[in-house]
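Going down the list, the protein sequences come from chains G and X. Quick note on numbering: the first sequence equals residues 21 to 442 in the working numbering. Quick note on numbering: the second sequence equals residues 21 to 442 in the working numbering. The beta-carbon is built from N, C-alpha and C at its ideal position, and this holds for glycine as well.
Number of protein chains: 2
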Amino acid sequence: MLAEIIAVGSEMLTPHRQDTNSLNLTAGLNDLGVTVAFKTIVGDNREHLTDAIRIALHRADIVLLSGGLGPTEDDLTRECVAAALGLKLQPDAVVLASLQARFKARKIAMPPNNRKQADVIEGAQVLPNRNGSAPGQWLDTTFPGALGQHFRKLVILLPGPPKELTALFDDECRPRLAAILPPRHLARRTLRMALIPESTVDARCAPIYQKFTDVETTILAGSAEIQLHFLCTKETLVEAEARVNEVAELVEHEMADEIFSANGDSLEEVVLLMLDMRNLTLSVAESCTGGWLGKRLTGVPNSSRVFLGGAICYSNAAKQEFAGVLSDLLEREGAVSEKVARALAEGIRRRTGASLGLSITGIAGPSAPTGPDADKPIGLVYIGLADGEDTQVRKLQIPGDRDRVRLWATQHALEMIRLSLQ
Amino acid sequence: MLAEIIAVGSEMLTPHRQDTNSLNLTAGLNDLGVTVAFKTIVGDNREHLTDAIRIALHRADIVLLSGGLGPTEDDLTRECVAAALGLKLQPDAVVLASLQARFKARKIAMPPNNRKQADVIEGAQVLPNRNGSAPGQWLDTTFPGALGQHFRKLVILLPGPPKELTALFDDECRPRLAAILPPRHLARRTLRMALIPESTVDARCAPIYQKFTDVETTILAGSAEIQLHFLCTKETLVEAEARVNEVAELVEHEMADEIFSANGDSLEEVVLLMLDMRNLTLSVAESCTGGWLGKRLTGVPNSSRVFLGGAICYSNAAKQEFAGVLSDLLEREGAVSEKVARALAEGIRRRTGASLGLSITGIAGPSAPTGPDADKPIGLVYIGLADGEDTQVRKLQIPGDRDRVRLWATQHALEMIRLSLQ
Numbered sequence: 021m022l023a024e025i026i027a028v029g030s031e032m033l034t035p036h037r038q039d040t041n042s043l044n045l046t047a048g049l050n051d052l053g054v055t056v057a058f059k060t061i062v063g064d065n066r067e068h069l070t071d072a073i074r075i076a077l078h079r080a081d082i083v084l085l086s087g088g089l090g091p092t093e094d095d096l097t098r099e100c101v102a103a104a105l106g107l108k109l110q111p112d113a114v115v116l117a118s119l120q121a122r123f124k125a126r127k128i129a130m131p132p133n134n135r136k137q138a139d140v141i142e143g144a145q146v147l148p149n150r151n152g153s154a155p156g157q158w159l160d161t162t163f164p165g166a167l168g169q170h171f172r173k174l175v176i177l178l179p180g181p182p183k184e185l186t187a188l189f190d191d192e193c194r195p196r197l198a199a200i201l202p203p204r205h206l207a208r209r210t211l212r213m214a215l216i217p218e219s220t221v222d223a224r225c226a227p228i229y230q231k232f233t234d235v236e237t238t239i240l241a242g243s244a245e246i247q248l249h250f251l252c253t254k255e256t257l258v259e260a261e262a263r264v265n266e267v268a269e270l271v272e273h274e275m276a277d278e279i280f281s282a283n284g285d286s287l288e289e290v291v292l293l294m295l296d297m298r299n300l301t302l303s304v305a306e307s308c309t310g311g312w313l314g315k316r317l318t319g320v321p322n323s324s325r326v327f328l329g330g331a332i333c334y335s336n337a338a339k340q341e342f343a344g345v346l347s348d349l350l351e352r353e354g355a356v357s358e359k360v361a362r363a364l365a366e367g368i369r370r371r372t373g374a375s376l377g378l379s380i381t382g383i384a385g386p387s388a389p390t391g392p393d394a395d396k397p398i399g400l401v402y403i404g405l406a407d408g409e410d411t412q413v414r415k416l417q418i419p420g421d422r423d424r425v426r427l428w429a430t431q432h433a434l435e436m437i438r439l440s441l442q
Numbered sequence: 021m022l023a024e025i026i027a028v029g030s031e032m033l034t035p036h037r038q039d040t041n042s043l044n045l046t047a048g049l050n051d052l053g054v055t056v057a058f059k060t061i062v063g064d065n066r067e068h069l070t071d072a073i074r075i076a077l078h079r080a081d082i083v084l085l086s087g088g089l090g091p092t093e094d095d096l097t098r099e100c101v102a103a104a105l106g107l108k109l110q111p112d113a114v115v116l117a118s119l120q121a122r123f124k125a126r127k128i129a130m131p132p133n134n135r136k137q138a139d140v141i142e143g144a145q146v147l148p149n150r151n152g153s154a155p156g157q158w159l160d161t162t163f164p165g166a167l168g169q170h171f172r173k174l175v176i177l178l179p180g181p182p183k184e185l186t187a188l189f190d191d192e193c194r195p196r197l198a199a200i201l202p203p204r205h206l207a208r209r210t211l212r213m214a215l216i217p218e219s220t221v222d223a224r225c226a227p228i229y230q231k232f233t234d235v236e237t238t239i240l241a242g243s244a245e246i247q248l249h250f251l252c253t254k255e256t257l258v259e260a261e262a263r264v265n266e267v268a269e270l271v272e273h274e275m276a277d278e279i280f281s282a283n284g285d286s287l288e289e290v291v292l293l294m295l296d297m298r299n300l301t302l303s304v305a306e307s308c309t310g311g312w313l314g315k316r317l318t319g320v321p322n323s324s325r326v327f328l329g330g331a332i333c334y335s336n337a338a339k340q341e342f343a344g345v346l347s348d349l350l351e352r353e354g355a356v357s358e359k360v361a362r363a364l365a366e367g368i369r370r371r372t373g374a375s376l377g378l379s380i381t382g383i384a385g386p387s388a389p390t391g392p393d394a395d396k397p398i399g400l401v402y403i404g405l406a407d408g409e410d411t412q413v414r415k416l417q418i419p420g421d422r423d424r425v426r427l428w429a430t431q432h433a434l435e436m437i438r439l440s441l442q
């Protein structure tokens, strides 16, 4: 079963906006065993849209359209689908009444334009929209092939706003599609690894996952991490789960410590959980990252069980004031140095009473450092981790621009905690 | 002049990855006066891709393809373009030599697969790729219409990696397109506003910008901000700039203080610049935002001229330790209170010696607060700003999830500084 998704709207042909609905629709269709073979993005143009629908009807079994169901002159999806199929549009009394009720409830007169939202394609079922005025439409029809045979086609019209589209797809389209398509059971697993090149992951894991021809494997490079997604479909859920678990376990064995999460959790969630299970607390002293690590940690609900806070010690004075770093150390070694990283980690731990103190100090660029750090390269980062007995410091040279250096510094810091607890 | 962009790659038909290259290409084409009328996303499938190329040749004057130029069996763009146009592929000796030199420099033998990267479509110009192994191709050709006439078509093949694609488009395609297309001059202006609903901006500004039928206006809702983009094309740059300036000035007059930037600068850049011009320094005490405001401020190069740092005072103990908030105040009022916001702002200012101290304390959710804050709603946020003479505190009720509450809190904090300095 092949599907095509047509996103309708001139704004998605500008440099500013993108079709994102198709990602959710694709996930939903894949779950049901349908492959998306084409996506088309077309503007609010009658001729272009009608042609695009005809092309989709030729090459796909299921055609999903998003957008173009509003009340304005630019909203052409209903008319163009009807034209492409040679079907009539007819006003639906129930939809019209519900539109009128909607406006009445808001105590405004319904503009005449809105009547067109009640137009339904001959033979289509109306998909009621709880979240907006434009209902969807579901059309189970046929379309002539080149040799005159008639092929069954499903044509689905959905409104453009993501909240409306997602609800209509989940509530109205999934059950209808499931009733038509053969039953399937689907299992997924995601493994996440930080700070490792995609090519390394692929070189080590491909020999494993390539043997699982019934498991679909996707490697995604994210923000300073790599994700391996496994997906398998079988007659029963037990079989599907057994296969994804089998491949995941072999890959986990191969990658071992590199894998920080086998259940989809983020690195900050994993680190906070590990600390919580050991009854440990954490504080941070951030220089070049300026609070980014704290932002990530506090993005996790209930992180306050573990994370006490710390200092954004961007200036040297703040390093002295909040972590007790001595000014002659800063002058002698420079703020970006092994000794200052150590002093920051130990100082913030002492000042907050946390079990662990973590520090990040580095040169994020783009301009070259001055003063005692003047001879140090952009991308140089020190990370310190103090536990009261021992303080480790890691020296890193992170390539890339200011944002990348800072993001990777926070990722290295979290990995340093995770590996030290493992 | 109509263009179609075809993004080639099965990964872009999964729920995980999207074509983003087309946004940059669209911006570049629009600059040159070319409208993108269609975007197609198609997988690594010979039949699908060849058909998609034929369809594009029928309906567009310029067809840009991204991706599918690698050395693997799945890389089919060269072959499918040649097939769609009925042209031959021929190995290019110069490209082959440069590929071989590339591998030799890395001291590895060139795999036989890579030879296909030297295949060039009959009549195409090679676009050398400084950043990767796959060169682009530029083909100025004709394609038969339905009545047998031949139409001129430009077909451009570009590699998929964004860095390679952007460089090839800018360096090789722009000058070639500019030489073919009529000359045009284009002016842009962007106005940015924080914390205001899109509908309010539109209701107040549409009556102004709608009168400028020769200026293309786009409203974009971003992260806790609204952007108004104006774009105008004229015979001369002076005329184009005059028109965008005219509409921008009228809108600036209408929106007045709401506009934080008329040159594209971010809110943090504007605030840092205003502080720097006044020789003021800033420190922060962040509770619920956990460092997010610091992260934003330190994302701007040279922010250290103004931003000293501060405290991530997530726990009550950190509020006491780093900003000198008294424990009985925390117990009596709760951490999320007008008085604690005041004490945090004044305390962090005093401790860092900054001109301004800013504090954020709030309930980000999703779980309900406990202790002295137990009766307070999720989304309640206090922001304090102390300048040594006076301390203002704003009370906010921010709707949305944890991430939204936290992001909007940082945005409100920056706006509070901006408006206090204006």
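- The C-beta of M297/G has fewer than 16 other C-beta atoms within 10 Å across all chains shown, which makes the residue exposed.
- For T46/G, a Cβ of chain X is located within less than 8 Å of the residue's own Cβ.
- Beta-carbon to beta-carbon, G63/X and L89/X are separated by about 15 Å, too far to satisfy the 8 Å threshold.
- In the three-state scheme derived from DSSP, where H, G and I count as helix and E and B as strand, D139/X is classed as strand.
- Not a single C-beta of chain X is nearer than 8 Å to the C-beta of S375/G.
- With a 10 Å radius around the Cβ and a threshold of 16 neighbouring Cβ atoms, F280/X comes out buried.
- Taking the C-beta atoms as reference points, E31/G is found no nearer than 8 Å to A80/G.
- Per DSSP, G88/G has no beta-bridge partner at all.
- Proximity of A338/X to chain G, defined by a Cβ-Cβ separation below 8 Å, is satisfied.
- Contact check for V401/G against G385/G fails: the beta carbons are separated by 8 Å or more.
- A343/X is a Cβ neighbour of R371/X, given a cutoff of 8 Å.
- If only uninterrupted alpha helix (DSSP H) runs of at least 4 residues are considered, those enclosed by the stretch 177-245 of chain G are 182-188, 194-200, 218-229.
- With respect to the 8 Å criterion, L43/G and I176/G are not classified as neighbours on the basis of their beta carbons.
- In this structure H249/G is buried. Its beta-carbon is surrounded by 16 or more other beta-carbon atoms within 10 angstroms.
- Taking 8 Å as the cut-off, the Cβ atoms of E272/X and A282/X count as close.
- Sequence-distant Cβ neighbours of A104/G in its own chain, meaning closer than 6 Å and more than five residues away, are T70, I73, R74.
- Taking 8 Å as the upper bound for CB-CB distance, I61/G and D39/G are in contact here, some 5 Å apart.
- The beta-carbon of F171/G is placed no less than 8 Å from the nearest beta-carbon of chain X.
- Beta-carbon to beta-carbon, S335/X and S324/G are separated by about 7 Å, close enough to satisfy the 8 Å threshold.
- The Cβ-Cβ distance between G377/X and A406/X falls below 8 Å.
- Non-local C-beta neighbours of L439/X in its own chain, meaning closer than 8 Å and more than five positions away in sequence, comprise D277, ordered along the chain.
- R212/X does not reach chain G, its nearest Cβ partner there being about 14 Å away, counting only Cβ pairs nearer than 8 Å.
- Flagged as an interface residue toward chain X: Q38/G, by a C-beta distance shorter than 8 Å.
- Put simply, the stretch 302-314 of chain X touches the stretch 306-315 of chain G. At least three CB pairs are less than 8 Å apart.
- Against chain X, a Cβ distance below 9 Å from W312/G picks out G311, W312, G314, K315, T318, G319.
- Boundaries for S375/G: no beta strand (DSSP E) harbours it, and the DSSP string shows neither H nor E there.
- According to the DSSP assignment, L105/X belongs to the alpha helix (DSSP H) that extends over 97-105.
- Annotation: the continuous alpha helix (DSSP H) that includes I437/G extends over 422-441.
- A check of alpha carbon separations from T161/G across G168/G, G152/G, L174/G identifies L174/G as the nearest.
- Counting C-beta atoms within 10 angstroms of its own C-beta, I437/G has 16 or more neighbours from the protein chains shown and is therefore classed as buried.
- At least one beta carbon of chain X lies nearer than 8 Å to the beta carbon of R79/G.
- Within the model, the alpha-carbon separation for E288/X versus E306/G is close to 19 Å.
- Nearest in C-alpha terms to L350/X, of all of F327/X, A374/X, D393/X, S387/X, is D393/X.
- No Cβ of chain X is located within less than 8 Å of the beta carbon of S281/G.
- Under DSSP, no beta-bridge partner is assigned to K124/G.
- With a threshold of 8 Å between beta carbons, R371/G makes contact with chain X.
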